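I have placed the structure first, in the form of structure tokens, so that the comments after it can refer back to it.
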Amino acid sequence: GESVGLHLPTLSVQEGDNSIINCAYSNSASDYFIWYKQESGKGPQFIIDIRSNMDKRQGQRVTVLLNKTVKHLSLQIAATQPGDSAVYFCAEIYYGQNFVFGPGTRLSVLP
Amino acid sequence: GAGVSQSPRYKVAKRGQDVALRCDPISGHVSLFWYQQALGQGPEFLTYFQNEAQLDKSGLPSDRFFAERPEGSVSTLKIQRTQQEDSAVYLCASSHPTEETQYFGPGTRLLVL
């Protein structure tokens, strides 16, 4: 389930289950969105992106859903693995270069 | 190189000391960004370069922060008279001219004592 940690909300899932990480964005002008994965001691790593003219995009084991009506973005990870444990950030991009990151969610995969 | 590199990876500074953080972007990436990431938070924008031109420095928290990219490749973020609240991870990212995706380096973790 989800809980609010000291700074980051945390999602704990069993290995093999599906994970859903949510993100609310704020700017109606945002037309491009990216999910990043950040492991401890490393920089954010690109996972998947989606443009505002789409509502769903699939990658390998990951799917991003975009609901512009309520300004909501989600990342679905299928068959979650221990290597998926990390902090996940959504980023909304407007006017091409302006990146605004969400607060992040820590995904913890339980054996 | 294959990705964005940053140095040093870790820096401990005494309060009042000046520090310089280096970023080597991906070859061919004209856009370069600096972010500050506090513990448990997402990256926050500091400044942006296109080639050697600093087009946006609205995120720099004070005039103690200064960034440069004199030849349009390597960039340096300098913090003068460091204070404890400057302790954070400083991330550099670059992007290709034809895409918006930013690729991040590993960051420099700065601790000011």
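The listed protein sequences correspond, in order, to chains B and E. The opening position of the first sequence corresponds to residue 1 in the numbering used here, with each subsequent residue numbered one higher. The opening position of the second sequence corresponds to residue 1001 in the numbering used here, with each subsequent residue numbered one higher. Think of the CB as a built atom: it goes at the ideal place given N, C-alpha and C, for glycine as much as any other residue. Computed from a predicted structure; not experimentally measured.
| Item | Value |
| --- | --- |
| Contact belief for B:Leu11 with B:Leu107 at Cβ below 8 angstroms, rounded distance in angstroms | 5 angstroms |
| Member of B:Pro44, B:Asp31, B:Phe33 and B:Ala29 whose CA lies at the smallest distance from the CA of E:Tyr1035 | B:Pro44 |
| Within chain B, partners of E:Gln1102 - CB distance below 7 angstroms | Phe99 |
| Proximity winner among B:Lys71, B:Glu39 and B:Gln58, relative to B:Tyr25 (alpha-carbon distances) | B:Lys71 |
| Same chain only: Cβ atoms within 8 angstroms of B:Val4, ignoring 5 sequence neighbours per side | Residue confidence is low: B:Val4 scores 34 on pLDDT, short of 50, so the model does not pin down where it sits. Its coordinate-derived value is still stated next. Closer than 8 angstroms at Cβ, skipping near neighbours: Thr10. |
| Start and end residues, beta strand (DSSP E) containing E:Glu1052 | Premise fails: E:Glu1052 is in no beta strand (DSSP E) and is neither H nor E. |
| Interface residues of the segment 67 to 86 of chain B facing chain E [CB-CB below 7 angstroms] | none |
| Nonlocal neighbours in the same chain, by C-beta distance under 7 angstroms from B:Ser85, ignoring five residues either side | Leu107, Ser108 and Val109 |
| Cα-Cα separation between B:Leu8 and E:Asn1051, rounded to whole angstroms | 35 angstroms |
| Residues near B:Thr69 in its chain [Cβ-Cβ closer than 7 angstroms; skip 5 each side] | none |
| Rounded distance between the beta-carbons of E:Arg1064 and E:Leu1032, thought under 8 angstroms | Actually they are not in contact, since the Cβ atoms of E:Leu1032 and E:Arg1064 sit about 20 angstroms apart, beyond 8 angstroms. |
| Proximal residues, the segment 40 to 53 of chain B versus chain E, C-beta separation under 9 angstroms | Gly41, Lys42, Gly43, Pro44, Gln45, Phe46 and Asp49 |
| Between the CA atoms of B:Ile20 and B:Gln14 - distance to the nearest angstrom | 12 angstroms |
| Simplified DSSP assignment, three categories, for E:Asp949 | Coverage of chain E is limited to positions 1001 through 1113, which leaves residue 949 of chain E absent and any answer about it impossible. |
| Distance between E:Glu1100 and B:Gln97 (C-alpha atoms, nearest Å) | 7 angstroms |
| Nearest to E:Leu1111 (by Cα), restricted to the options E:Pro1061, E:Gln1017 and E:Phe1049 | E:Gln1017 |
| 8 angstroms Cβ cutoff, B:Leu116 in contact with chain E | In the structure displayed, chain B extends from 1 to 111; residue 116 of chain B sits before or after that span and is not available. |
| Distance, E:Ala1088 Cα to E:Gln1080 Cα | 15 angstroms |
| Segments assigned beta strand (DSSP E), at least 3 residues, entirely inside the segment 15 to 46 of chain B | 19 to 24 and 32 to 38 |
| 8 angstroms Cβ cutoff, E:Ser1041 in contact with chain B | It is Gln, not Ser, that sits at residue 1041 of chain E in the sequence shown. Yes, because at least one Cβ of chain B sits closer than 8 angstroms to the Cβ of E:Gln1041. |
| For E:Gln1041, the first and last residue of its enclosing beta strand (DSSP E) | Neither: E:Gln1041 is in no beta strand (DSSP E) and is coded neither H nor E. |
| Alpha-carbon spacing of E:Arg1015 relative to B:Ser52, whole angstroms | 45 angstroms |
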